[in-house]
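Visitor:
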Amino acid sequence: MGAFSLITDAEARVPRVVVVGLASCFGCQLQITNAEEHLMEILGQIDVRYWQLVTSEDGVEDFDVAIIEGAVTTRESEETCKFLRAHAAHVMAIGACACTGGVTGMASDYLGARTDLVYDGEAPDACGEMIEPRPVSAVIDVDSEVRCCPIDPYDFVAALQRALYGSNRLPEPRTMCADCKRNETECFFEQGVLCLGLVTQAACGARCVNLGRPCNGCAGMSSAANLEAARLSCETYGVPVESFDKALEMFNQVKLTDSETL
Amino acid sequence: MLYRVMDKRELPALVRAFMESYEVVAPVKRGQGYVFDVIESPDDIEIGYTQTASSPKKYLMPPTETLMKFDARMNLVQDYVHEVTPRVIFGVHTCDINAMNRLDTALIGGKYVDPYYKAHRDATLVVGISCTPNDKCFCHLWGADEAQFGYDLFLHDIGDKYLVSMSNVEATNILEAACEISEATDEDRIAFRQATRTRQSAFNKDIPDVQDVAMLMDVFHSDPFWEELGGRCLSCSACASVCPTCFCFDIRDVLAPDGKTGERQRTWDACTSPNFAAVAGGYNFRPTGRERVRHRMYHKLNGFMVNHDRMLCVGCGRCVAACKTGINPIEVLRFFKRKGADHAK
Amino acid sequence: MQSNMPVGTIEVDALRAAPEFMSGKEMLLGNAYRPWPARITSMRDLTSHEKLVEMRFIDERVREAFVHEPGQFLELSLFGVGEAPISITSSPTKQGFVELCIRRAGTVTSALHSMRAGDIVGIRGPFGRGFPVDKFRGNDVLIVAGGLGIAPVRSLINYIHDNRSDFGKVTIVYGSRTPADIMFRDQFEMWRHRADFELYLTVDHPDDQWDGEVGVVTEPMKRLDISPENTFGVVCGPPVMYKFVVQVMREKNIDYDHIYLDFERHMKCGMGKCGHCQIGHQYCCIDGPVFNYWEAKNIQGSM
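Shown next, in the form of structure tokens:
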């Protein structure tokens, strides 16, 4: 855990931040700019040393906070992560790809076969040395995460502040259903419809369910997820267990493969 | 208790009278179920509702509430006025009235008064309504099928009329001004007796009535049953969210985007959340579902009883519907029943 | 919603607006969620990861009303970071100041470590049930502490010291990981010459200079000669320690309700509401954190 506080350090200086994108759609970096109402206030608290999306300077080595978007899919990006970890006091993973492997992680099974299929046997050099996609935490220690696909700009702001100023909030691996109860939305299972909220990390306040759609698990599985019990729920409410397992692949393929829970 | 009789057709007039000086919340239809929500007209009310998915505790203790505002740089509290809306919660069943009484005990009773809860409670009138139990209700097992106190008016359904218990001057004044009320006749009294009998016999007889539950919670505290029950906990805390008596919370600081000021908030929390009993440094006193579920049941069915002579469960049955893996007090009662079978092991 | 509605309010005023007629007690109890500002008056290193922080309330009324028992705790606020429950390590006899022994354990304590004398923190409390010093009066006291467990019992030790003639023999057994982790050593060593005072320091991992005992606290305990009928036991330390220390105290025939244990849980609100510190049917923050062993035995999940 990040037992450090940048601002209250004796020689207080503006924390230096880098934002790095790995394999992703860059949507989460874009989401940061969507906090435009407060963007200047936020930028006033940090010194952005490098941001792939908006700066062109390269080779920055002095920074306090490293924000990483995207999954690790190559040896080169693995090295990038290690470099960031070695230089930053705080590493933050943002978005599903960086936190769980996300959509990118779907390729982690049969990577070679898939690559052959796409590139007809010869992947171009530009792809780098490909490895099975994995979350940043599979490569280096991560101090904080902003979940979901894409991230919520205000969740990001709050997480950045916790990194800058410290917070006594412990990570809470609760799953999502309590949010639906607070929101007083109807449970999809009561209608025999699959929803991944049963095992998904509570993070978004059940945003999709509030919009009338079941959870697809973009926040990733909670570390306290009880898959066996969730499958039991599926059986009880007439939802095919196979559809539950299949649905988990979209955002949780890597974790499932790693922990061999399937 | 003082009581009078009013014609059911007078109900909209009563609601409208409350709406003149209060925000009125009442059970309304949402999707397949019911929720307590602000009404625009008496017609919105589903007075014959079976059970709302979540309880009216949200009006006494909102899911997230600001306690104070602060200046983070100076490390000082800023001036802050916490406004409380005067409100009538209309159409509350006895389980929820009993639940509010338990919340009062926990949050107003004792050495420390929770000023935020108290402000909401003081600004709230409660109008109760009699109900017919559904298959998940077991309020009668905990004596929560009657509301002895904790309401301002209570409407007992006696056919075409309500027998109204009146326990508050303000509510009674509004009632008397808005509606024709009369002394009860012998016919009304008999109708009331019939109604209570009908209700009493309507409870689901498959839910076991077990003696000495609090003591059984101690006696079977180490039984493998808790592994079985807690082992299927999804760690979602839906149970606590819908529970009308769960009052545990977290206190957290939230900074404004500029990082200079912020709010200290309290937000619903639950002992079934995995990190609830963790201390700084990471040690978790209840690390698994077994301990967490057992602790929750223990507090409901023993702990609160030992301290306050009342179960913290009111048998509303909401968690029975909310928990997707069937963890609820009925399962605990069934376990005790099994232990009481002739050839139990 | 109608606009003509009367609206109830709770007001949380900044310090400068605290009305003059309010007493210190009202300030502390009226809205017990509200911290009052205190200034850090001194800060010194006890070990590499523990500091002794002395604080003083800015408002005189609060300063006078904030009276604690040994074993009680307070909630320390750093706005933006949050709160942490901390045992008060100074004796009630030290008036006007509050001392805390702060281990860098979580984010609040880490942030506090980087603060300096003159900085302002928020404090609310004092909370909980401390050691029953009135019962201890006239009796011997056997105090067993491990690691940071010395923080709350130091309050008791100093209290006994300041009212020395009221108490019988005082024995302190204090275990630390290494000699460098021993806190308040100078202070305790100063008393060694007294006939009515015994001190046993043990460490798990000695260094080259260490000439004291090596091992667990129960070893010196076993050698003690105590008179069980007029001895009270006090235990405070890491969770694993309790069972073994209590066992030895029981072997020495100290009665169930003469053994006092100081429990650690996450007291978030401090007033028996939020539920985080529940142990069985009890709240560590109001029913404890000090429980006697008889009470503790009656609490599911206490040990």
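Chains as they are written, first to last, in our numbering: chain A, 117 to 378; chain B, 7 to 351; chain C, 2 to 304. Heads up, the beta-carbon is just placed ideally off N, CA and C, and yes, glycines get one too.
When you compare each of Arg300/B, Leu8/B and Met12/B to Ala185/B by their alpha carbons, which one comes out closest?
Guide: Checking the sequence shown, residue 185/B turns out to be Cys, not Ala. That would be Met12/B, whose Cα lies nearest to the Cα of Cys185/B.
Visitor: Can the beta-carbon of Asp163/B be found closer than 8 angstroms to that of Ala177/B?
Guide: No. Outside cutoff.
Visitor: CB-CB under 6 angstroms to Gln282/B, same chain, minus the five flanking residues each way: which ones, in chain order?
Guide: Residue 282/B is actually Phe in this sequence, not Gln. Excluding residues within five positions, none has a Cβ falling inside 6 angstroms.
Visitor: Does the beta-carbon of Ile256/A have 16 or more other beta-carbons within 10 angstroms, so that it is buried, or is it exposed?
Guide: With 16 or more Cβ atoms within 10 Å of its Cβ, Ile256/A is classed as buried.
Visitor: Assign Asn293/C to one of two classes, buried (16 or more other C-beta atoms within 10 Å of its C-beta) or exposed (fewer than that).
Guide: Counting Cβ neighbours within 10 Å, Asn293/C comes out buried, since at least 16 surround it.
Visitor: Reducing DSSP to helix, strand and coil, say where Thr138/B ends up.
Guide: Coil, per DSSP.
Visitor: Provide the residue(s) that pair with Met337/A in DSSP beta bridges, ordered along the chain.
Guide: Met337/A pairs with Thr316/A.
Visitor: Any chance the region 314-331 of chain B sits against the region 91-108 of chain B, with 3 or more Cβ pairs inside 8 angstroms?
Guide: Yes, they touch.
Visitor: Measure the CB-CB distance between Met25/B and Phe253/B and report whether it falls below 8 angstroms.
Guide: No, Cβ-Cβ distance for Met25/B and Phe253/B is not below 8 angstroms.
Visitor: For Phe22/C, count neighbouring Cβ atoms within 10 angstroms of its own Cβ and tell me buried if that reaches 16, exposed if not.
Guide: Phe22/C comes out exposed.
Visitor: Going along the chain, which residues of the region 105-124 of chain C sit with their C-beta nearer than 7 angstroms to a C-beta in chain A?
Guide: The region 105-124 of chain C vs chain A, Cβ under 7 angstroms: Arg105, Gly107, Thr108, Val109, Ser111, Ala112, Ser115 and Met116.
Visitor: Among Tyr168/B, Asp224/B, Glu16/B and Pro18/B, which one has its Cα closest to the Cα of Ala190/B?
Guide: Checking every option, the nearest Cα to that of Ala190/B belongs to Tyr168/B.
Visitor: If you compare alpha carbons, which of Thr278/B, Leu73/B and Gly149/B is closest to Asp3/B?
Guide: For chain B, the structure presents residues 7 to 351; residue 3/B sits outside this window and is missing.
Visitor: Across the region 210-221 of chain A and the region 239-255 of chain A, are there enough close Cβ pairs to call them in contact, namely three or more that are closer than 8 angstroms?
Guide: Result yes; three or more Cβ-Cβ pairs closer than 8 angstroms.
Visitor: Determine, using beta carbons only, whether Met292/A comes closer than 8 angstroms to chain B.
Guide: It does; some Cβ of chain B falls within 8 angstroms.
Visitor: Can you tell me whether Gln188/C is helix, strand or coil according to DSSP?
Guide: Of the three classes helix, strand and coil, the one that applies to Gln188/C here is helix, per DSSP.
Visitor: On a CA-only basis, which of Glu288/A, Ala318/A, Ala322/A and Val258/A is nearest Phe304/A? Give me that one, please.
Guide: Of the candidates Glu288/A, Ala318/A, Ala322/A and Val258/A, the one whose C-alpha sits nearest the C-alpha of Phe304/A is Ala322/A.
Visitor: State the DSSP-derived secondary structure class of Glu297/B, mapped to helix, strand or coil.
Guide: Here Glu297/B sits in helix by DSSP.
Visitor: For the putative contact between Glu70/C and Phe132/C, defined by C-beta atoms under 8 angstroms, what is the C-beta separation to the nearest angstrom?
Guide: That belief holds up - the Cβ atoms of Glu70/C and Phe132/C are roughly 7 angstroms apart, short of 8 angstroms.
Visitor: Between the alpha carbons of Val248/B and Glu52/B, how many angstroms are there, rounded?
Guide: Roughly 19 angstroms separates the two Cα atoms.
Visitor: Applying the criterion that 16 or more other CB atoms from any shown protein chain within 10 Å of the CB defines a buried residue, is Ile161/C buried or exposed?
Guide: Result: buried.
Visitor: Assign Ile196/B to buried or exposed, taking buried as 16 or more other Cβ atoms, counted over all protein chains shown, within 10 Å of its Cβ.
Guide: So Ile196/B counts as exposed.
Visitor: Which residues mark the beginning and the end of the alpha helix (DSSP H) in which Met221/B is found?
Guide: From DSSP, the alpha helix (DSSP H) with Met221/B extends over Val219 to Val225.
Visitor: The region 253-275 of chain A: which residues have C-beta closer than 9 angstroms to a C-beta of chain B, in chain order?
Guide: Cβ contacts with chain B: Tyr270, Val273 and Ala274.
Visitor: Do Ala153/B and the ligand SAH come close, with the Cβ less than 7 angstroms from some heavy atom?
Guide: As for the ligand SAH, it is missing from this structure, which has no ligand bound.
Visitor: Return the first residue and the last residue of the alpha helix (DSSP H) that Phe341/B is part of.
Guide: That run of the alpha helix (DSSP H) goes Pro335 to Lys345.
Visitor: Please report how far the alpha carbon of Ser43/C lies from the alpha carbon of Arg125/C, in whole angstroms.
Guide: Distance between the alpha carbons of Ser43/C and Arg125/C: 19 angstroms.
Visitor: Can you check which of these residues, Ser115/C, Phe128/C and Lys95/C, is closest to Arg104/C by C-alpha distance?
Guide: The option with the nearest alpha carbon to Arg104/C is Ser115/C.
Visitor: Going by alpha carbons, who is nearest to Gly119/C out of Asn254/C, Val54/C and Phe128/C?
Guide: Minimum Cα distance to Gly119/C is reached at Val54/C.
Visitor: Taking the alpha-carbon of Arg1/C as reference, which of Pro153/C, Phe128/C, Leu157/C and Trp211/C has the nearest alpha-carbon?
Guide: Nothing in the structure corresponds to residue 1/C, since chain C is present only between 2 and 304.
Visitor: Measuring only between beta-carbons, confirm whether Phe63/A sits less than 8 angstroms from chain B.
Guide: The question about residue 63/A has no answer, for chain A in this structure spans 117 to 378.
Visitor: Around the C-beta of Leu109/B, are 16 or more other C-beta atoms found within 10 angstroms, so that it is buried, or is it exposed?
Guide: That one is buried.
Visitor: Quick one, which residues of the region 113-136 of chain B are near chain C if we go by CB-CB under 9 angstroms, in chain order?
Guide: Here the close residues are Leu113, Gly116, Lys117, Tyr118, Val119, Asp120, Pro121, Tyr122, Tyr123, Lys124, Ala125, His126, Asp128 and Ala129.
Visitor: Classify Arg10/B as buried or exposed, calling it buried when 16 or more other Cβ atoms lie within 10 Å of its own Cβ.
Guide: Buried, since its Cβ has 16 or more Cβ neighbours within 10 Å.
Visitor: Reducing DSSP to helix, strand and coil, say where Ile213/B ends up.
Guide: Coil at Ile213/B, not helix or strand.
Visitor: Using the C-alpha atoms, what's the distance from Tyr166/A back to Gly160/A?
Guide: Each residue's alpha carbon lies about 15 angstroms from the other.
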